[in-house]
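Novice: Count the sequence shown with our numbering and you get residues 23 to 802, in order.
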Amino acid sequence: MKTIRRLALRTAATALVLTSLTPAALAQAAPAAQESFVDLVNPLMGTDSSYRLSYGNTYPAVAVPWGMNSWTPVTGEPGSGWGYTYAGEKINGIKQTHQPSPWMNDYAAFSLFAETGPLRIREDERASWFSHKAEQAHPYSYKVYLADYNVTAEVTPTTRAAQFRFTFPKSDDAHIILDALDGGSKVTIDAKNRRITGYVRNNHGGVPDNFHNYFVAEFDRDFSVTRTWDDNWQLSADTTREAGHVGAVVSFKTSAGEQVHVKVASSFISPEQALLNLKTEIGNDAFDTTRAKAKAAWEAELSRIRVTDPNLDNRRTFYSALYRMLQFPRMFHEHDARGKIVHYSPYDGKVHDGYMFTDNGFWDTWRAVFPFFALMYPERDSQMMQGLVNTYREGGWLPEWASPGYRDVMIGSNSANLIADAYINGVRGFDAETLYEAMIKNATTSEGRPKDKKGRVIGAVGREGVEYYNRLGYVPYDVGINENAARTLEYATADFSISQMAKALGKTADAEKYAAQAQNYRKLYDPESGWIRGRNQDGSWATPFNPYKWGDAFTEGNALHYSWAIMQDVQGLIDLMGGRQKFVDRLDAIFTAPPIFDDSYYGQVIHEIREMQIVNMGQYAHGNQPIQHMIYLYDWAGAPWKTQYHVRDVMKRLYSPAPDGYPGDEDNGQTSAWYVFSALGFYPVTPAVGEYAIGSPLFQNVSLAMPGGKTLTIEAENNGPDNVYIQSVTFNGQPVSKTYLTHDALRQGGVLKFVMGATPNKQWGSAPGDVPFSMSKPVK
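1. Secondary structure at residue 378, three-state DSSP: helix, strand or coil?
2. Let me make sure I understand the geometry here. Which of 704, 783 and 631 has the alpha-carbon closest to that of residue 73?
3. Does the segment 766 to 782 come within contact of the segment 732 to 750, defined as at least 3 CB pairs closer than 8 Å?
4. So residue 168 is in the beta strand (DSSP E); what residue range does that whole segment cover?
5. Note down the Cα distance separating residue 322 from residue 551, rounded to an integer number of angstroms.
6. Rank 313, 277 and 359 by C-alpha distance to the C-alpha of residue 302 and give the top, closest one.
7. Quick one: grab the DSSP three-state call for residue 433.
8. Grab me the residues of residue 762's own chain with a C-beta within less than 8 Å of its C-beta, minus the 5 sequence neighbours each way, in chain order.
9. Please specify which runs of the alpha helix (DSSP H), each continuous and at least 4 residues long, are wholly inside the segment 260 to 295, giving them in chain order.
10. Quick one: what does DSSP say residue 257 is sitting in, helix, strand or coil?
11. Based on the DSSP output, what are the partners of residue 157 in its beta bridges?
12. For the candidate residues 219, 701 and 768, whose alpha-carbon lies nearest to that of residue 743?
13. Could you check the C-alpha separation between residue 527 and residue 458 for me, to the nearest Å?
14. How far does the alpha helix (DSSP H) with residue 492 in it extend, from its first residue to its last?
15. Look at the alpha carbon of residue 521 and the alpha carbon of residue 396, and state the distance between them as a whole number of angstroms.
16. Looking at the strands, I want to know which residues DSSP matches up with residue 757.
17. So, for residue 10: in the same chain, excluding its five sequence neighbours on each side, which residues have a beta-carbon less than 7 Å away from its beta-carbon?
18. Taking C-beta to C-beta, are residue 516 and residue 439 nearer than 8 Å?
19. Is the beta carbon of residue 96 less than 8 Å from the beta carbon of residue 106?
20. Closer than 6 Å by C-beta to residue 263: which residues in its own chain qualify, once you throw out the five before and the five after it? Chain order, please.
21. Starting from residue 235, trace the alpha helix (DSSP H) both ways and give me its first and last residue.
22. What residue does the alpha helix (DSSP H) around residue 674 start on, and which one ends it?
23. Whole beta strand (DSSP E) runs in the segment 703 to 733 with 3 or more residues, listed along the chain?
24. Between residue 781 and the rest of its own chain, which residues show a CB-CB distance below 7 Å, the 5 nearest in sequence each way excluded?
25. Quick one: grab the DSSP three-state call for residue 599.
26. When you compare the CB positions of residue 617 and residue 634, do they come within less than 8 Å of one another, or not?
27. Whose CA, out of 461, 508, 194 and 507, lies closest to the CA of residue 810?
28. Between the Cα of residue 84 and those of 180, 337 and 453, spot the shortest distance and give me the residue it belongs to.
29. I need the boundaries of the beta strand (DSSP E) containing residue 392, first residue and last residue.
30. Rounding to the nearest angstrom, what Cα-Cα distance links residue 577 and residue 511 in this structure?
31. When you compare the CB positions of residue 686 and residue 693, do they come within less than 8 Å of one another, or not?
32. Could you give the residue range of the alpha helix (DSSP H) that holds residue 340?
33. Spell out the partners DSSP gives residue 774 in its beta bridges.
If you want it as structure tokens, here you go:
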């Protein structure tokens, strides 16, 4: 995910506290006599990627948890979604980034760079050779040696600001460049106050006409020479430039080892707010103080889950994945001069009170990222729900992909899943009635969807084909709406979530209506082939039918992937497929089928297809979201030991803390969330029911600091690479025979103990009454 083909801070108060911690307090914040969890993180995990093949499609994000801005070195082609690739040989800048995915590309970006000698301003000309051996990447800082200039560049972040430190050699011509990049920009050099100010407007959609990212860069020394450039790369002594692509250069003489510091902040609200962000988040802090605070912010979050296990690589993979999960959705709100939370709205272009979060694709993250927030970060999840309330009020729709506003990417109305899941699992502090109203609007009309000046829909909101769906129970294949079967399945799951929310809010009639619609998946089940299949408006099946065909009726997958996407009623699917044993046999067949495919819908082998083909797991395509939960479905069919085997096999074969460490796109934390949950030993398959299907815990011991001060300890006796099978489970000393755990029980803390072994215990969890929730009841 995602292609253009279809086109911590636990609270804000915590953020303010961390910016004012003394060095002594920072030392106390780190866990005593224990390794630093944040230093187990490898931000380069997943960066060995390209358009053709993704091992994560990540970049080394230097940020604080959920920070409004991230910073990353740029080794790729300027303006490309692949700004940093591990195979890159040269760096041309360190940029402020908001990119959620290479397929979405970046917005509001600008970069800083340092040189010595003759001035070079074009990206390809100024780029310096570097080596990963002289590169240090951490979540809280980045350091690299720019070999062509004998300069060491460093950056360390706050939520809305950052500090740079450039160490120069002896030079009569030392330069720092601020490149405002292409897309509409302005720079002003204020030599008296040692500042460069301006704005950038670069984006790839999802912004109002008045969108700006205002920045201020403040230096710790006077400038000897100042210059700016314009669209034609023409340098001049003008102190202000405003055009499509402008930049500024400040120059000076340096002695050997001399360090130049730059404090940078930005705002989506105003230049004055950018300066306020600089003063409140950095102020007089030294570079090392900001670095220590950023490290403490990460340590505070990562240390909430303390893993004890002898396998260092597994621990590194776990914390690297957890780091990815705590980046998105990023804050889009700021604190004004009164300390009040305010935000520029990417939906109506105005400044409003309250929270706003962005850079997220719910098609991905409803599955496991938001359930993780509901379990471990209910206060943060509440803020995100408040942000969705604001989005609806300001834009008229819930977003499905926001970057920073509505983007027309992916399908479904999956916002319903994460909202209902939060509410059912006890997240409060937001206007649930307003979000329920928004969910119903999504599910009942396609009118009023945001459009551009030419009348084209520009936001993936609501439900495309909703009138067909509500009349026929499915989106037809033959009415010009692509990926129609996938839409039907996703709408049905969202209908289930709406029904759960309606029931919780006392809306009985709605609960019954949407529960009935949640059974619409049955209308696309073809008993002859045994797969979900596209269906025409007159009820006939779409022909010809090739279950190996990607796209067409499905989204970035085929019938063998999407036929399992009935999370709300796994038992109903079991019944359709002929009972438990036939269901298990069909699950097994996914792994033994040849990795053949039909790519004719796309006209090329898209990277998701290639990632399935090359890992030798048959038709199992873990690199993309629609099938990631499939492994856990054995829990519903009396064969949980097969879930245990496959979960551990996927973790072992497809994940590592290396540049090629992901099995496909790491989409806003979702592919990471699969690993984090699975390593703990359970996974949230069905939204809005408060249950987690049990898998196979990876570690010997894990301690989780649950909200409310409780501690959940997960022990796995006899655990190891070969002992992947559960022999027995107890929770607080009581035997557990069921193949699921409840949200309420986990939140209360206690000791969850697994006893592991090298051979399956085929009796554990195999009874019909041991299964997780389904709308249909199991046959006894």
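In this text, a Cβ means the ideal position worked out from N, Cα and C, and glycines have one as well.
Specialist: This is what the structure gives:
1. coil
2. Ranked by Cα distance from residue 73, the first of 704, 783 and 631 is 631.
3. yes
4. In the DSSP assignment, residue 168 falls within the beta strand (DSSP E) that extends over 163 to 168.
5. 52 Å
6. 359
7. coil
8. Correct list, in chain order: 657, 704, 713, 714, 715, 716, 793, 794 and 795.
9. none
10. strand
11. 166
12. Taking only the C-alpha atoms, the option nearest residue 743 is 701.
13. 9 Å
14. 488 to 494
15. 19 Å
16. 752
17. There is simply no residue 10 to check, as the chain begins at 23 and stops at 802 in what is shown.
18. In terms of Cβ geometry, residue 516 and residue 439 form a close pair [threshold 8 Å].
19. yes
20. 209, 250 and 252
21. Note, residue 235: premise wrong, no alpha helix (DSSP H); beta strand (DSSP E) at 235 to 241.
22. 662 to 676
23. If one requires a minimum length of 3 residues, the beta strand (DSSP E) runs lying completely within the segment 703 to 733 are 713 to 716 and 723 to 727, in chain order.
24. 747
25. coil
26. yes
27. This structure gives no information on residue 810, because the portion of the chain shown stretches from 23 to 802.
28. With distances taken between Cα atoms, residue 84 lies closest to 180.
29. Here residue 392 belongs to no beta strand (DSSP E); instead the alpha helix (DSSP H) covers 391 to 398.
30. Their Cα atoms are separated by approximately 11 Å.
31. yes
32. 334 to 347
33. For residue 774, the pairing in a beta bridge is given by DSSP as 736 and 753.
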